[in-house]
């Protein structure tokens with residue numbers, strides 16, 4: 001099984017902020033190192049700059065019936081507007097014939113992203129993660145998808 005490690009780093013010169021934060025997904029276990037960094041990034045954001053924050057999202061644990069549509073939602077805001085990336089079981093989500101990722105810009109600071117899988121198969125079961133990030137910080141939410149007959 002291929003694993004992916006996502007490193008999010010923040011470094012600056014004269015202001016003195018430095019550090020690193022790691023998000024690691026190993027077989028669905030989410031681990032975070034150096035949680036102090038999120039607070040440090042937020043404190044340096046200042047007026048007119050907001051760290052990315054997920055403000056609406058799908059429920060954490062969901063079941064889906066094989067052959068039916070799966071829908072995951074993630075809405076994020078921040079200044080500048082965040083970028084949203086989806087992961088499944090630790091790897092960046094790959095778009096293919098039955099997997100679609102759509103984004104809609106709501107305003108200059110807010111974006112809505114959704115993953116639509118139709119039809120849902122056994123292989124679509126797993127842990128999905130929505131990662132919203134901008135230069136001022138990041139936020140992530142995870143979703144567990146399990147199938148039933």
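Numbering (the UniProt record's numbering), first residue to last: 1 to 149. All C-beta atoms, glycine included, are put in the ideal place defined by N, C-alpha and C.
TODO: Would you please state the rounded distance, in angstroms, between the beta carbons of residue 104 and residue 78? I believe it to be under 8 Å.
DONE: With a Cβ gap of about 16 Å, residue 104 and residue 78 do not count as contacting.
Open item on the list: I need the DSSP call for residue 137, collapsed to helix, strand or coil.
Closed with: strand
Open item on the list: Within the continuous beta strand (DSSP E) that includes residue 63, where are the two ends?
Closed with: 61 to 65
- [ ] Might you give, ordered along the chain, the residues of its own chain that have their beta carbon closer than 7 Å to the beta carbon of residue 107, omitting 5 neighbours on each side?
- [x] none
TODO: Have a look at 141, 145, 135 and 127 and flag the residue whose alpha-carbon is nearest the alpha-carbon of residue 91.
DONE: 127
TODO: Give the C-beta separation of residue 80 and residue 98 to the nearest angstrom, bearing in mind that I take them to be a contact with Cβ-Cβ under 8 Å.
DONE: Not a contact, Cβ separation roughly 33 Å.
Open item on the list: In the DSSP output, what is residue 132 paired with across the bridge?
Closed with: 84 and 139
Open item on the list: For residue 60 and residue 115, what's the separation of their Cα atoms in angstroms?
Closed with: 14 Å
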